[in-house]
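Colleague: I am attaching a structure below and will ask some questions about it afterwards.
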Amino acid sequence: MANAPTHASPSSKAAHAFASTLKTFQPASGKAGKFYSLPALAEQYPSVKRLPVSVRIVLESVLRNCDGKKVTAEHVEQLAHWAPQAERTAEIPFVVSRVVLQDFTGVPLLADLAAMRSVAARLGKDPKAIEPLVPVDLVVDHSIMVDYFGTKDAIDLNMKLEFQRNQERYEFMKWGMQAFDTFGVVPPGFGIVHQVNLEFLARGVHKSGDDADAVYYPDTLVGTDSHTTMINGIGVVGWGVGGIEAEAAMLGQPVYLLTPDVVGMELTGQLREGVTATDLVLRVTETLRREKVVGKFVEFFGEGTRSLALPDRATIGNMAPEYGATMGFFPVDEKTIDYFRGTGRTEEEIEAFEAYFRAQGLFGVAAAGEIDYSQVVRLNLDEVTPSLAGPKRPQDRIELGNVASQFCSLYSKSNAENGFNQPASTLNTRHLVRHPDAERAETLPGAPPTPMGAERSVVEMEANRPTLAMAHEQGGQVASVGTPATQAASRGLTVGNGDVLIAAITSCTNTSNPSVLLAAGLLAKKAVEAGLCVQPHIKTSLAPGSRIVTEYLTETGLLPYLEQLGFDLVGYGCTTCIGNSGDLTAELNEAINDSDLVCAAVLSGNRNFEARIHPNIKANFLASPPLVVAYALAGSVLRDLTTEPLGKGTDGKEVFLRDVWPSSDEIQALMKFAMNGEAFRANYAKVKTEPGQLWAGIHGVTGNAYTWPASTYIAEPPFFADFAMEMKATSAGGTGATGQNNEFSVTGARIMALFGDSITTDHISPAGSIKGSSPAGRWLQAHGVQKADFNSYGSRRGNHDVMMRGTFANVRIKNLMIPADKDGSREEGGVTLFHPGHHTPDSVIEKMPIYDAAMKYIAENTPTVIFAGEEYGTGSSRDWAAKGTQLLGIKAVVARSFERIHRSNLVGMGVLPLQFLPGESWETLKLVGSETVEVIPHPELKPQSEAKLHITRADGTHQEVTVILRVDTPIEVDYYRNGGILPYVLRQLLAA
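Sequential numbering from 366 applies to the sequence shown in this note's numbering.
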């Protein structure tokens, strides 16, 4: 766990606009503490009392950090006057208490910090001046894959492979641990970031200053994973952000957000017998997705909310990205206190936590009518039924009794109807597997890479599949490794549509919830005792969210029964849910592909986009852990588990789901093993004292400044190559044609690309496999990396040479400046037309990769711009989509509209976002790509002001167009003036 910084918070400084709100509260047996009181603020702004709890927690941060600069009295007043139905135009600066990272998004952030320290050293400054100003914790959970399964030593074998593949990255993390006081790492093998956050990292309240003047404040955070919202279950305001936003937050900058709409979800009643927390979250996801809560806070209230156990609340908070909300927030109450005690927090912490929230008037779940919400959605828990979700989207809930019929229906429906577009007559045909899994495989090959340019829903989390070492050209084959299964003679195994081939107890959503994991163990026990078994060709796995799960499954005697069904421990990490499922046997893959089968995966995860779980598994169903075990036993989603048997047990007797389903009383009787405070304390003490032999064997460089040893994974980023303490003029240079230019003008620019609508961050910065003939592939080969060791773009985010070559390298992107073919089709791939800056008789316009053209333009000192349509930058909040754009020398992006985070990231990297006026576009301007462009913004870079585009066509004619400068706030102006947020923060830190 990272140490808290020792600097004084803004709240400790003298001239505070709301100094009268600094009050004292008294824990039951501890010393009195100071806090910025929301009840005191409510004396000035009475409406504060009826604000949603989540908004009040954000308001506390704004109040406490009001310094008259980044956070002003006007910001406090704006949020104190939050109105449920108001137009949302004001941005609020939210200073968070800490930052959490997972390993794939955390490495490039650490690289930026290391680069800042290198700059400090070169300038003769103390490298220690660069230090996160809030605690930062990185949890290594995204790198382990299910290569081995079904054996007791699977976890050891999988972790050995993990460390082999990621040694350079882990060495870099080790340097960060010893170099930064406020940067901590939870090593591989402890758990998933969100469960570790819930059980260990979250402390309830923080305090700044010494004991006499210590100011307490609530835990708040941002994280670089979308499911950071799991922490909302214990009353912590937090959500997932992009890497650039997270960097800013860790270096003391506010996170800027529009004042949100807050949807109140009133829960009434109680869950029925046999209904799990997973069933509830799938119902909530379906309901809220239908209510269109995208970008809004969701806050739960009502008597049904009060009845939910803390892990059930965390399960619901976890899936906020699936129902589209920024958060799924639960206030602090007695259940929260019980959870803190059960997970080993100290009594002193718990007393301060409860006393603080009571003093703030934030303790307890509200009843109907006590709080003003923008909208209220109601759900009676009595109406929740056992369900799955799928087969392609998490919001497509299916009641358990309808799964088989729904699969049959979708099998022959069109893709437009979310179906599989197969002939109905082939549904029940079965196909012989050439070499069946006669025995459980001891090892399986790594999953083949998803082709570059696949749809976003396919490749969304491809970056988190670091072991896709079989990078190959499209059309290549993946070789199988020898296993008893693949070497077995044919014994008649057949495979058909609807067959379950992957059954995984996985993901942060459910593996933190003891009720559903104990239920899975009890179901396994009853199934084994009834004589049931799982077919050996089904890939089964158990990947808990923390070691505590294994402890209580062992103490209750349930783990051996799970193991008998093939659910052996494979690792502590995200595994199957993010696509780290490993491969099926080559024979199964061949049968699926040759016969175009629609086979199934059933997992206790949160996302099930087609091909996410495995490239050849088309139907993916989200289910509770006990239902995962049940479907592994049944072997097919074509079997109706409510009416048909799971299989035949001892003496050929049919065994039904109802025969093995555990009762609520059986589960409750074992819950005491899951909430053992001493066990939690002992487990997480080992993060420092016993991190494991593999982690102990990793040795990074030492010292306060990183020495940047040669590596194709980690390299010093060039964002500070020309850094100086004094700002330089921002102008892109070139020769202006209008005489109206100012220091922010971009002159003489060439057009790099003309894009259509919905260009995603996956188009801009692909995260999947690296093609050998691509600029990145050529660079890796030139540096001695074999194709089999390319790994993915996502795994190499710590090396800018790879990432900038991968920018716009998606093979499905279409640069519309490339003329259409005779049939009207457009060439796909990251190519452009290079226009030489100095025309000679031999000058030719040449088609080449965007990276190659960018390097030629940079060599000519010619800036470039991009034009695009609607929703530019949608998708994952990938920081490299902005970083790569900047490194290619692109000075401005002109689009019809921008996705919020990507727009912010462009500004943060010193790239101007410009938006067309309604009705205008590059198409209406009839641009073809041969033009030169001047961008002339407001001379003071006034936020959201008008800017001018001067376009000069190849025939010498000119056109002027008005666009809107999408630098939206004064702080963003400062970022841009400094060349981006990183130089801005670095200047502040070195000048302090």
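Think of the CB as a built atom: it goes at the ideal place given N, C-alpha and C, for glycine as much as any other residue. Nothing here was measured: the structure is a model prediction, and the numbers come from that model.
CB-CB under 7 Å to Glu916, same chain, minus the five flanking residues each way: which ones, in chain order?
Modeller: Ala1044
Colleague: In whole angstroms, give me the CA-to-CA distance for Asn1175 and Ile1129.
Modeller: 7 Å
Colleague: Does any residue of chain B have a CB that is nearer than 8 Å to the CB of Tyr926?
Modeller: Annotation note: the requested chain B is absent from the structure, which comprises a single protein chain.
Colleague: Helix, strand or coil for Asp1024 per DSSP?
Modeller: helix
Colleague: Going by alpha carbons, who is nearest to Ser672 out of Val501, Thr547 and Leu746?
Modeller: Leu746
Colleague: Along the chain, where does the beta strand (DSSP E) containing His446 start, and where does it finish?
Modeller: Note, His446: premise wrong, no beta strand (DSSP E); not H, not E.
Colleague: In chain order, what residues of the same chain have a beta carbon less than 6 Å from the beta carbon of Tyr1049, not counting five sequence neighbours either side?
Modeller: Phe565
Colleague: Please state the DSSP three-state secondary structure of Gln1309.
Modeller: coil
Colleague: Less than 6 Å between C-beta atoms, sequence neighbours within five positions excluded: which residues of the same chain meet that for Pro392?
Modeller: Here the set comprises Glu716, Ala717 and Ala720.
Colleague: Ends of the beta strand (DSSP E) at Tyr621?
Modeller: Val620 to Leu623
Colleague: Is it the case that the Cβ atoms of Ile457 and Leu475 are separated by a distance below 8 Å?
Modeller: In this structure, Ile457 lies away from Leu475, with their beta-carbon atoms at least 8 Å apart.
Colleague: Here's the rule: buried if 16 or more other CB atoms are within 10 angstroms of the residue's CB, otherwise exposed. What is Thr680?
Modeller: buried
Colleague: Which of helix, strand or coil does DSSP assign to Thr876?
Modeller: coil
Colleague: Counting only runs that start and end within the segment 1268 to 1335, where is the beta strand (DSSP E) found for 3 or more residues in a row?
Modeller: Counting whole runs of 3 or more residues, the segment 1268 to 1335 contains the beta strand (DSSP E) stretches 1277 to 1281, 1297 to 1301, 1311 to 1317 and 1323 to 1330.
Colleague: Identify the continuous beta strand (DSSP E) that holds Ala724 and give its terminal residues.
Modeller: Premise fails: Ala724 lies in the alpha helix (DSSP H), Glu712 to Ala724, not in any beta strand (DSSP E).
Colleague: Using the C-alpha atoms, what's the distance from Asp1087 back to Leu488?
Modeller: If I take the Cα positions, the gap works out to 12 Å.
Colleague: Short check: CB of Val881 to CB of Thr643, under 8 Å?
Modeller: yes
Colleague: Below 8 Å, how does it come out for the segment 396 to 403 and the segment 414 to 426: are there three or more Cβ pairs, yes or no?
Modeller: Short answer: they touch.
Colleague: Please confirm if the segment 1138 to 1145 is in contact with the segment 1227 to 1234, defined as three or more CB-CB distances below 8 Å between the two stretches.
Modeller: no
Colleague: How is the beta strand (DSSP E) around Leu387 delimited, first residue to last?
Modeller: Leu387 to Phe390
Colleague: By Cβ distance below 8 Å, which residues in the same chain neighbour Leu744 in space, the five residues on each side in sequence not counted?
Modeller: Met630, Glu631, Leu632, Thr633, Arg648, Val649, Thr652 and Gly669
Colleague: So which of Lys904, Gly569, Lys434 and Ala1247 has the shortest CA-CA distance to Val967?
Modeller: Lys904
Colleague: Leaving out the 5 sequence neighbours to the left and right, which residues in its chain are closer than 7 Å to Leu775 when beta-carbon positions are compared?
Modeller: Pro756, Asn783, Gly784 and Phe785
Colleague: Over what stretch of residues does the beta strand (DSSP E) that includes Tyr582 continue unbroken?
Modeller: Judged by DSSP secondary structure, Tyr582 falls within the beta strand (DSSP E) whose first and last residues are Val580 to Pro583.
Colleague: Assuming Glu916 is part of the alpha helix (DSSP H), what are its boundary residues?
Modeller: Looking at the DSSP string, the run of the alpha helix (DSSP H) that includes Glu916 is Arg912 to Glu920.
Colleague: Rounded to a whole number of angstroms, what is the C-alpha to C-alpha distance between Val798 and Val860?
Modeller: 7 Å
Colleague: So, under 8 Å CB-CB, Met610 and Ile1336 are touching, yes? Tell me the CB distance rounded to an integer number of Å.
Modeller: It is worth fixing the name first, because residue 610 is Glu in this sequence and not Met. Wrong, their Cβ atoms sit about 13 Å apart, outside the cutoff.
Colleague: When burial is assigned at 16 or more other CB atoms within 10 Å of the CB, is Gly922 buried or exposed?
Modeller: exposed
Colleague: So for Thr1125, helix, strand or coil by DSSP?
Modeller: strand
Colleague: Where does the unbroken alpha helix (DSSP H) through Leu478 begin, and where does it stop?
Modeller: Asp468 to Arg487
Colleague: Is Gln1033 buried or exposed, if buried means 16 or more other CB atoms sit within 10 Å of its CB?
Modeller: Within a 10 Å sphere around the beta-carbon of Gln1033 sit fewer than 16 other beta-carbons, which makes this residue exposed.
Colleague: Can you check whether the CB of Ile1178 is closer than 8 Å to the CB of Arg1191?
Modeller: No, they are not a contact pair.
Colleague: Give me the DSSP bridge partner(s) of Thr311.
Modeller: An answer regarding residue 311 cannot be provided, because it is not within the stretch 366 to 1357 covered by the chain.
Colleague: Might you give, ordered along the chain, the residues of its own chain that have their beta carbon closer than 6 Å to the beta carbon of Lys891, omitting 5 neighbours on each side?
Modeller: Val1025
Colleague: Excluding five sequence neighbours on each side, which residues of the same chain lie with their C-beta closer than 8 Å to the C-beta of Tyr581?
Modeller: Phe390, Gly398, Lys399, Phe400, Val570, His571, Lys572, Ala717 and Tyr721
Colleague: When DSSP builds the beta bridges, which residues end up paired with Met692?
Modeller: Phe662
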